[in-house]
Amino acid sequence: MASKGNGRVVNGNGLMKIQTHKKDNGICHDDSGPTVKAQTIDELHSLQKKRSAPTTPVTGTQPPFATLSEEERHKQQLQSISASLASLTRESGPKVVKGDPARKSDNQKVAHVHHHVEAPTISVSDSSLKFTHVLYNLSPAELYEQAIKYEKGSFITSTGALATLSGAKTGRSPRDKRVVKDDLTENELWWGKGSPNIEMDEHSFMVNRERAVDYLNSLDKVFVNDQFLNWDPENRIKVRIVSARAYHSLFMHNMCIRPTPEELEDFGTPDFTIYNAGQFPCNRYTHYMTSSTSIDLNLARREMVILGTQYAGEMKKGLFSVMHYLMPKRQILSLHSGCNMGKHGDVALFFGLSGTGKTTLSTDHNRYLIGDDEHCWSDKGVSNIEGGCYAKCVDLSREKEPDIWNAIRFGTVLENVVFDEHDREVDYSDKSVTENTRASYPIEYIPNAKLPCVGPHPKNVILLACDAFGVLPPVSKLNLAQTMYHFISGYTALVAGTEEGIKEPQATFSACFGAAFIMLHPTKYAAMLADKMQKHGATGWLVNTGWSAGSYGSGSRIKLQYTRKIIDAIHSGSLLNAEYKKTEIYGLEIPTEVEGVPSEILDPVNTWSDRRAYKETLLKLAGLFKKNFETFTNYKIGKGSNNLTEEILAAGPIF
Ligand SMILES: Nc1ncnc2c1ncn2[C@@H]1O[C@H](COP(=O)(O)OP(=O)(O)O)[C@@H](O)[C@H]1O
Ligand SMILES: C=C(OP(=O)(O)O)C(=O)O
Ligand SMILES: [Ca+2]
Ligand SMILES: [Mn+2]
């Protein structure tokens with residue numbers, strides 16, 4: 001709208017606007033609205049987006065009077081990112097600039113403040129002549145736009161979550177994990193039978209690292225997340241994740257601890273860096289490679305390289321492995337467990353393998369959630385390693401798991417789910433893509449999250465096993481030796497291929513309920529756990545979240561509602577004072593009554609119609625426990641002349 005000299009006003013469409021009053025009496029106000037401050041459409045659009053650095057990339061609207069120190073800080077930060085992306089063998093890396101290549105103005109702005117990795121020398125290859133744009137700590141909204149624009153299979157669901165596809169891999173690839181064996185790690189780490197640490201040499205690592213870095217540098221843009229691990233401020237670890245997909249960047253934004261703008265300003269150089277080039281395969285001619293997927297950990301270089309898998313859980317669990325190395329060095333126990341706290345400060349840990357209920361049971365409407373998967377137990381108490389949760393969503397229902405259901409909204413990454421193409425309602429029962437559908441959300445999406453995610457020493461240590469054989473009691477109270485026995489065993493049972501009818505359950509034993517992630521020998525973690533439980537008077541429990549009244553195929557999974565009642569009774573302390581009886585073979589103490597749970601299910605023998613089949617199955621599983629434990633019989637738990645080791649050996653099934 002323009003004002004003409006004669007006082008009449010012309011509308012945008014050229015027609016005269018009727019002037020009602022134009023008096024300065026202040027009674028009637030001008031309702032035509034203020035004019036915008038923009039001179040052009042582009043400027044107008046630029047006003048729509050408020051500047052909020054530093055979690056957003058540097059934009060062309062940066063004030064011209066930016067102080068030198070701020071510029072210096074940006075420069076240092078860019079240099080740090082450039083160094084991360086630099087090729088270690090070629091003459092130079094690409095030119096790294098911050099910002100989205102799709103936004104021309106950004107490029108121009110940054111172009112004259114950009115910094116090379118190194119000045120090009122005599123021999124220059126084409127790769128060093130291009131720019132790689134760095135999308136640095138983008139916000140969820142920006143990452144949504146990137147994903148939807150550029151990543152096939154990205155959609156917004158009816159509740160606002162970002163649905164993505166992880167590609168060919170919909171779960172972790174533990175057999176493709178490699179750890180660099182050098183003079184230090186050779187002696188420090190757990191190698192050999194049962195260990196997750198499959199060796200590779202430094203040179204092969206560098207081949208894969210170069211491959212990942214070259215791939216990332218060949219792209220127009222990469223995502224960089226600078227974040228933290230561990231809510232214990234004294235033991236916080238700075239991590240950088242370089243990735244090629246907005247999906248990966250948003251996933252890590254949710255899963256790691258999000259820095260405040262101030263913390264990001266002072267981030268400096270990371271303690272650990274992940275190069276995720278998951279879309280690109282490793283070269284199978286590279287020594288130690290047995291497939292085109294490789295997840296490589298180099299503790300000396302503090303780096304991890306991912307090739308040939310886009311499953312995002314690989315990054316989260318990869319960092320967890322790093323914590324399993326770093327924390328015990330500081331006398332801190334790292335735990336594959338969920339953790340929550342009651343109103344009176346009573347903390348419970350939930351150990352268990354994938355799918356046994358850590359996330360489901362630690363997310364409890366009546367308690368504060370400290371975390372669902374990865375924790376540290378130090379002399380001060382417990383702390384969550386992560387900033388988010390990663391829930392299985394197969395058969396998720398609003399009624400049974402309302403808090404997880406409600407957390408699936410804007411900002412949440414929904415992996416591999418199936419939804420209606422029009423209204424985008426997710427069908428959580430649909431396993432067309434995979435059974436391992438997942439939701440990743442920031443922990444504060446759970447209404448009673450405990451922020452900061454720390455708590456006092458645990459009172460209860462709950463070991464979860466999904467026993468598809470249906471012979472373990474729904475709950476047993478454990479003494480310390482039994483807790484150690486079951487902790488080192490790390491039992492659960494998987495149910496094989498659901499489509500092809502009924503199959504035999506498959507027993508899995510995974511030391512410390514996380515053999516895929518531990519770096520040291522299991523007895524190191526077990527000794528620390530025993531020590532801490534003893535010192536702080538924690539009680540151990542074994543909870544079967546699996547089958548009852550028969551094995552998988554004839555019995556059925558214990559109702560979540562009953563498991564929750566059992567967990568409630570543990571938390572309240574009422575179960576500690578219940579009446580107990582001892583089971584045969586396993587010698588487990590089982591309660592005769594738990595409020596809200598039918599008493600007949602508490603002893604599995606009562607639920608099986610065929611008692612002989614029960615006994616056979618019980619013995620079969622006991623045999624598997626025994627066989628698995630053989631590898632540990634030569635190890636001593638803890639130092640000194642304690643007899644815990646012998647007690648632990650005697651705490652397993654006896655027959
Ligand atoms: N009795 C039960 N206790 C715990 N979980 C159960 C039970 N019955 C069914 N479930 C289901 O099992 C799955 C447990 O998965 P989750 O909590 O994500 O495991 P984890 O975090 O240990 O990997 C969830 O889908 C949950 O709904
Ligand atoms: C992310 C994972 O953890 P969990 O299944 O224990 O939640 C995983 O095992 O890939
Ligand atoms: Ca988990
Ligand atoms: Mn979980």
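The opening position of the sequence shown corresponds to residue 1 in the UniProt record's numbering, with each subsequent residue numbered one higher. Beta carbons: idealized from backbone N, C-alpha and C, even for Gly. Please read all numbers here as calculations on a predicted model, not as lab measurements.
Same chain, Cβ closer than 6 Å to residue i, five either side skipped, listed in chain order
| i | result |
| --- | --- |
| F251 | A312, V413, S440 |
| E374 | F320, I385, E386 |
| I332 | C376, S378 |
| Q76 | none |
| N349 | Per the sequence presented here, residue 349 reads as Leu, with Asn not at that position. The residues are S337, C339, P458, V461. |
| I567 | L361 |
| H486 | L463, L542 |
| D214 | none |
| H287 | S204 |
| H324 | S334, F517, I518, M519 |
| P522 | I488, A511, C512 |
| V426 | T157, V417, F419 |
| R258 | G387 |
| H536 | H457 |
| S80 | T269 |
| V433 | N416 |
| G411 | P140 |
| F351 | S337, L463, F513 |
Residues near residue i in its chain [Cβ-Cβ closer than 7 Å; skip 5 each side]
| i | result |
| --- | --- |
| E500 | With a pLDDT of only 47 at E500, under 50, the local geometry of the prediction cannot be trusted, and the value read off the model is given with reservation. Correct list: empty, nothing qualifies. |
| T89 | E210 |
| R330 | N235 |
| N628 | S489, F509 |
| L576 | T539 |
| L396 | I404, W405, Y428 |
| C453 | W231, I370, G371, S383, N384, I443 |
| P54 | Per-residue confidence for P54 stands at a pLDDT of 45, beneath the threshold of 50, marking its modelled position as unreliable; the derived number appears in the next sentence. Counting only Cβ-Cβ distances below 7 Å, and skipping sequence neighbours, we find P261, L264, E265. |
| N298 | V180, F205 |
| L624 | A507 |
Nearest-angstrom beta carbon gap, residue j and residue i [assumed within contact, 8 Å]
| i | j | result |
| --- | --- | --- |
| D372 | G338 | 5 Å |
| W231 | L520 | In fact, because the Cβ distance is near 23 Å, the residues do not count as touching under 8 Å. |
| R438 | K392 | 6 Å |
| R367 | G342 | 5 Å |
| G345 | P456 | 6 Å |
| T359 | L219 | Contact doesn't hold; Cβ gap of about 33 Å is too wide. |
| residue 656 | P505 | Coverage of the chain is limited to positions 1 through 655, which leaves residue 656 absent and any answer about it impossible. |
| P328 | K524 | 6 Å |
| S294 | D201 | That pair is no contact at about 13 Å. |
| A493 | A515 | Rounded, the Cβ-Cβ distance is 15 Å, inconsistent with contact. |
| T170 | V179 | Actually they do not touch by this definition, with Cβ atoms about 24 Å apart. |
| I408 | P474 | Going by Cβ atoms, the distance from I408 to P474 rounds to 29 Å, so no, they are not a contact pair. |
| A147 | A246 | 4 Å |
Cut-off 8 Å between Cβ atoms - residues of its own chain near residue i, not counting five sequence neighbours on either side
| i | result |
| --- | --- |
| Y580 | K477, E589, I590, P591, T592 |
| G587 | Q482, A651, P653, I654 |
| H248 | F223, I241, N276, G278, Q310, A312, M315 |
| S574 | E595 |
| E444 | L451 |
| L644 | L480, A481, M484, A530, I637, G638 |
| K193 | T631 |
| W608 | G470, A549, G550, G555, Y614 |
Open item on the list: My parser needs the alpha helix (DSSP H) runs of 4 or more residues fully inside the stretch 461-490; what are they?
Closed with: You should have 480-489.
Using a Cβ distance threshold of 8 Å, determine whether the stretch 598-610 contacts the stretch 549-556, with at least three qualifying pairs required. Because the criterion of three Cβ pairs below 8 Å is met, the stretch 598-610 and the stretch 549-556 touch.
When you compare the stretch 271-290 with the stretch 152-164, are there three or more beta-carbon pairs, one atom per stretch, that lie closer than 8 Å?
The stretch 271-290 vs the stretch 152-164: no contact.
Q.
Three Cβ pairs or more, each shorter than 8 Å: is that satisfied between the stretch 510-517 and the stretch 557-575?
A. No: the two stretches stay apart, fewer than three of their Cβ pairs being nearer than 8 Å.
Open item on the list: Which runs of the beta strand (DSSP E) at least 3 residues long sit entirely within the stretch 196-229? Give them in chain order.
Closed with: Segments of the beta strand (DSSP E) lying fully in the stretch 196-229: 221-229.
Handout entry: Length-filtered (4 minimum) alpha helix (DSSP H) runs lying within the stretch 134-163
Key = If only complete runs of 4 or more residues are kept, the stretch 134-163 shows the alpha helix (DSSP H) at 140-150, in order along the chain.
Where in the stretch 356-386 do unbroken runs of the beta strand (DSSP E), each at least 3 residues long, occur, reported from the N-terminal end onward?
-> Taking only runs of at least 3 residues, the beta strand (DSSP E) segments lying wholly in the stretch 356-386 are 368-371, 374-378, 381-384.
Does the stretch 141-149 come close enough to the stretch 415-423 that 3 or more CB-CB pairs lie under 8 Å? No, because fewer than three Cβ pairs between the stretch 415-423 and the stretch 141-149 fall closer than 8 Å, the two stretches do not touch.
- Hey, which unbroken runs of the beta strand (DSSP E) at 3 residues or more fall wholly within the stretch 380-431? Annotation: the stretch 380-431 contains the following complete segments of the beta strand (DSSP E) (minimum length 3 residues), in chain order: 381-384, 388-392, 413-415.
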